[in-house]
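Quick note, the sequence shown lines up with residues 866 to 1202 if you use this note's numbering.
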Amino acid sequence: METLFLDSSEKQLEIAAEIIRSGRLVGIPTETVYGLGADASNEAAVAKIFEAKGRPADNPLIVHLADFSQAADYTHDIPQLAYALAERFCPGPLTMVLPKNERIPKITSGGLDTVGIRVPSHPVMHRLIELSGRPIAAPSANISGYPSPTSAQHVMRDMGGKIAAVVDGGQSEIGLESTVIAIENENTARILRPGYVTREMLLEVCSKVIVDRAILNELESGETAASPGMKYKHYSPRADIVMVEGELRAFTDYVGENLTDNTYSLIFDGDAQGFPYRYLTYGADSAAQARLLFQRLRELDDVGADKVFVRAPSPEGVGLAVYNRLIRAAGFEVIRI
Ligand code: TXA
Ligand code: MG
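This is the structure:
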């Protein structure tokens, strides 16, 4: 199949909207990462998402709406806390898991009775939902297990030839996927996947916020995941990733003692001066690290890295999301020195 490369003009978005309405797939920019979109209410269209990504059928998709007021069309018993959170964070990088109704087919929710609802702030995604008149199911537009795409070119690489079109909306502003939360009761939210909306930000609206254990810990065998996505190895390039926690001096020594033919280091901007081994940098603060991480993981494949030592980011604020993606990319291999 030929994959159209569309720009984000109204004319081209009308083409993309028609593709969604006719049950086919489009790569779409959002403020977090690029999504692989289809009509969430069309079972055959949603099946194509799972096929194109090679995604396990029990891993549910997020449904994207133009406005949170539409959530009542696809869910039931929305808690008051969800409205309060929507007031503060929608549109934006927050996904709320809510009880779904029959308008969301089981294939979309990975067989669950709940559905993740998100109202994206990116104007292109927003316009496409409006023009298509459909709820848009969209996982990240990467091949399952690979780092999420943060540019239209990344989507073309993973999905070119397999989907009808990609809309180019430039580089993703945030660079990591949305914060996914479940609402436990009228004052408590549980973070299932950390993102740009941090625990501290959620605490402005909720009196209690639980960080799910699976965010930083490997599931024990037999343990069920609150979010099925947490069961799978994720965000992983071909290279073997090792996270190293410690001061720059100790990190540098460790890399020197463990060099292989094609070792790279992924370090902070401020570490680069005089660093004696091959490296890429991924920013100086958590927001920059979030924006750059997935792009750098892809670049490490492009340069043929076989082993990558990563300076572990601070797990505070947005850094928790960066840390979570890296620890998964590393298969939970963390060296503390
Ligand atoms: O920022 C984002 O969220 C991007 C953009 C495209 O919107 N989408 C995204 O989708 O990251 P995906 O499918 O790659 O990740 C969705 C995550 C998975 O870990 C999935 O298991 C979890 O959200 N999830 C979705 N629906 C859920 C549900 N009903 N209950 C628990 N977890 C759910
Ligand atoms: Mg994903």
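Every residue, glycine too, gets a C-beta built ideally from N, C-alpha and C.
Closest Cα partner of residue i within the set the options
| i | options | result |
| --- | --- | --- |
| R983 | A947, L878 and D1105 | A947 |
| G919 | H1099, I885, G1135 and L1057 | H1099 |
| P894 | M1021, V1062 and S1130 | M1021 |
| A1047 | P944, A1153 and E916 | P944 |
| H929 | G902, A1155, A909 and A910 | G902 |
| E896 | L963, I1008, Y1061 and T1128 | Y1061 |
| P970 | A909, D942, N1050 and F1174 | A909 |
| R1143 | K913, G1121, P1178 and D942 | G1121 |
| D932 | G1139, R953, G1010 and D1167 | R953 |
| T1063 | A1186, A1003 and N1127 | A1186 |
| G1169 | Q1154, A1153, G1148 and D1126 | D1126 |
| Y1119 | F1174, S1009 and H987 | F1174 |
| S1072 | R1078, E1065, G1139 and N1052 | N1052 |
| G998 | D938, G1094, D1077 and E1088 | D938 |
Euclidean distance between Cα positions of residue i and residue j
| i | j | result |
| --- | --- | --- |
| A881 | E875 | 10 Å |
| R1103 | L1162 | 9 Å |
| I1080 | V1070 | 21 Å |
| S1086 | S1101 | 21 Å |
| A1137 | E967 | 54 Å |
| I1001 | R1176 | 37 Å |
| G1025 | L1124 | 35 Å |
| S1005 | E1038 | 15 Å |
| D923 | T979 | 12 Å |
| V1107 | S934 | 44 Å |
| V989 | R1114 | 45 Å |
| V1109 | I1192 | 10 Å |
| I1028 | G957 | 26 Å |
| D1171 | P925 | 32 Å |
| L1067 | L950 | 8 Å |
| A1090 | K1096 | 6 Å |
| F1116 | E867 | 46 Å |
| P1141 | D1134 | 14 Å |
| G1034 | E1049 | 35 Å |
| E1181 | S1013 | 22 Å |
| P1178 | A912 | 37 Å |
| S1092 | P985 | 20 Å |
Burial state of residue i, where buried means 16 or more other Cβ atoms lie within 10 Å
| i | result |
| --- | --- |
| K965 | buried |
| T973 | buried |
| R1190 | buried |
| H991 | buried |
| L1145 | buried |
| S1016 | buried |
| Q1160 | buried |
| G975 | buried |
| H1019 | buried |
| T960 | buried |
| R1201 | exposed |
| R1156 | buried |
| N1007 | buried |
| H941 | exposed |
Whole-Å CB distance - residue i paired with residue j, under 8 Å assumed
| i | j | result |
| --- | --- | --- |
| R1055 | T1044 | So it is not a contact: roughly 11 Å between Cβ atoms. |
| L1131 | A1030 | Between A1030 and L1131 the Cβ distance is about 33 Å, and since that is not below 8 Å, they are no contact. |
| G888 | N907 | 5 Å |
| S1151 | G1184 | 4 Å |
| I927 | D904 | Actually they do not touch by this definition, with Cβ atoms about 14 Å apart. |
| E1042 | F1197 | At roughly 19 Å, the Cβ-Cβ gap does not stay under 8 Å, so E1042 and F1197 are not in contact. |
| L1158 | Y1129 | Going by Cβ atoms, the distance from L1158 to Y1129 rounds to 14 Å, so no, they are not a contact pair. |
| L878 | V1032 | 7 Å |
| L963 | A936 | 7 Å |
| V1199 | G1040 | Not really, about 22 Å apart at Cβ, beyond 8 Å. |
Any chain D beta carbon closer than 8 Å to residue i
| i | result |
| --- | --- |
| G888 | Among the chains in the structure shown there is no chain D, since it carries only a single protein chain. |
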